[in-house]
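The sequence shown begins at 1 in UniProt numbering and counts up by one.
For glycine and all other residues, C-beta sits at the position ideal for the given N, C-alpha and C.
For clarity, every value in this text was computed on a predicted model and none was experimentally measured.
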Amino acid sequence: MTSRTGHRRPRRHLRGGTLLLIAGLLIVSATIRLGMQAGPALARQMAERTDREQVHDPLGAGAADRDELAQVLAALQERRAALEQRERVLEDRARAIELADAALDRKLTELVEAEEALRAMVAVADGAAETDLARLTDVYDKMKPKEVAELFESMDPHFAAGFLARMRPEAAAGVMAGLSPQVAYSISVVLAGRNANAPKN
């Protein structure tokens, strides 16, 4: 009895070890299968997540990158608006300068025209005055020297000297002879001063 019992115990021990070995192999096999099945599933999930992120964020940037990009875009838009405003100001100034230049040109043209008209009027006036003086001198030449002397007595010496200088020498001599000594002296001083100031060849 003792020998049978001692002979059976090793078989039980071997049977238990075999069962443990088989169970371990089954667990390892199941783990490997789960890993093989979970790997593609995880890969698909990661790919789907990446695709969704790329759809929502084509640049692949995160939230921080998107915020930074938004700030850069806002700064660029602000800079562009400032440049456009400055360009409008410069255009307004250029138009104002053009208008001022046009107004200045018109004013200069008006001034030139007015100056030319004034010169023409002065020329006409000078011509008329010269004509009047020539006619009046001719009248004095034809008058009697005594009558002319009476007129020159009451005339300003400068005017009288001007007429005497235009008259014929013999007529002027007759007028001077008919003047009073004081008036004749005053007219002579004016004539002498004009001759002294006249340019000499």
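Q.
Am I right that His158 and Val112 are in contact with their C-beta atoms under 8 Å? What's the rounded C-beta distance?
A. Stepping through the sequence shown from its first residue, residue 158 is reached at position 158. Stepping through the sequence shown from its first residue, residue 112 is reached at position 112. Actually they do not touch by this definition, with Cβ atoms about 36 Å apart.
Q: Check whether the segment 139-150 touches the segment 161-178, taking contact to mean three or more Cβ pairs, one atom from each stretch, closer than 8 Å.
A: Touching, per the Cβ criterion.
Q) What is the rounded straight-line gap between the Cα of Met176 and the Cα of Ala184? A) The residue given as residue 176 occupies position 176 in the sequence shown. The residue given as residue 184 occupies position 184 in the sequence shown. Those two C-alpha atoms are separated by around 6 Å.
(Q) Considering only their Cβ atoms, is the gap separating Leu179 from Glu153 smaller than 8 Å? (A) Here residue 153 corresponds to residue number 153 of the sequence shown, with the count starting at 1. Here residue 179 corresponds to residue number 179 of the sequence shown, with the count starting at 1. The criterion of a C-beta distance shorter than 8 Å is satisfied by Glu153 and Leu179.
Q: Give, in chain order, every unbroken run of the beta strand (DSSP E) that is at least 3 residues long and sits entirely within the segment 90-166.
A: Scanning the segment 90-166 from its first residue to its last, no whole beta strand (DSSP E) run of 3-plus residues comes out.
Q. Can the beta-carbon of Ala161 be found closer than 8 Å to that of Ile187?
A. Mapped onto the sequence shown, residue 161 falls at position 161. Mapped onto the sequence shown, residue 187 falls at position 187. Between Ala161 and Ile187, the gap from beta carbon to beta carbon is short of 8 Å.
Q: For Pro181, collect the residues of the same chain with a Cβ closer than 6 Å to its Cβ; drop the 5 residues on either side in sequence, then sort them by chain order.
A: Mapped onto the sequence shown, residue 181 falls at position 181. The beta carbon of Pro181 sits closer than 6 Å to none of the beta carbons in its chain outside the five residues before and after it.
Q: Give the C-beta separation of Arg166 and Thr137 to the nearest angstrom, bearing in mind that I take them to be a contact with Cβ-Cβ under 8 Å.
A: Numbered from 1 along the sequence shown, position 166 holds the residue referred to as residue 166. Numbered from 1 along the sequence shown, position 137 holds the residue referred to as residue 137. Arg166 to Thr137, Cβ: 4 Å. Contact.
Q) Using the beta-carbon count (16 or more within 10 Å), is Ala61 buried or exposed? A) In the sequence shown, the residue the question calls residue 61 occupies position 61. Residue placement at Ala61 is poorly supported in this model, since its pLDDT is 49, which falls under 50; the coordinates still yield a value, given next. For Ala61, the number of other beta carbons within 10 angstroms of its own is below 16, and it is reported as exposed.
Q | Spatially closest choice to Arg135 from Leu108, Phe163, Ala100, Leu99, by CA coordinates | A | The residue labelled residue 135 in the question sits at position 135 within the sequence shown. For Arg135, the nearest C-alpha among the options comes from Phe163.
Q. Can you list, in chain order, the residues of its chain whose CB lies under 7 Å from that of Glu78, leaving out five sequence neighbours each side?
A. Along the sequence shown, read from residue 1 onward, the residue named residue 78 stands at position 78. The same chain holds no residue with a CB closer than 7 Å to that of Glu78 once the five nearest residues on each side in sequence are set aside.
Q) For Arg95, which residues from the same chain have a beta carbon less than 6 Å from its beta carbon, with the 5 sequence-adjacent residues on both sides left out? A) Here residue 95 corresponds to residue number 95 of the sequence shown, with the count starting at 1. Residues of the same chain with a CB within less than 6 Å of the CB of Arg95, apart from the 5 flanking positions on each side, do not exist.
**Q.** Alpha-carbon to alpha-carbon, Asp156 and Ala117
**A.** On the sequence shown, position 117 is the one that residue 117 refers to. On the sequence shown, position 156 is the one that residue 156 refers to. Those two C-alpha atoms are separated by around 33 Å.
Q: Classify Ala177 as helix, strand or coil using the three-state DSSP reduction.
A: The residue you call residue 177 lines up with position 177 of the sequence shown. Ala177 falls in the helix class under three-state DSSP.
**Q.** Separation of Thr109 from Ala102, as counted between CA atoms
**A.** One-based indexing of the sequence shown puts residue 102 at position 102. One-based indexing of the sequence shown puts residue 109 at position 109. Each residue's Cα considered, the two are about 11 Å apart.
Q.
According to DSSP, is Glu84 part of a helix, a strand, or is it coil?
A. Working through the sequence shown from its first residue, we reach residue 84 at position 84. Helix.
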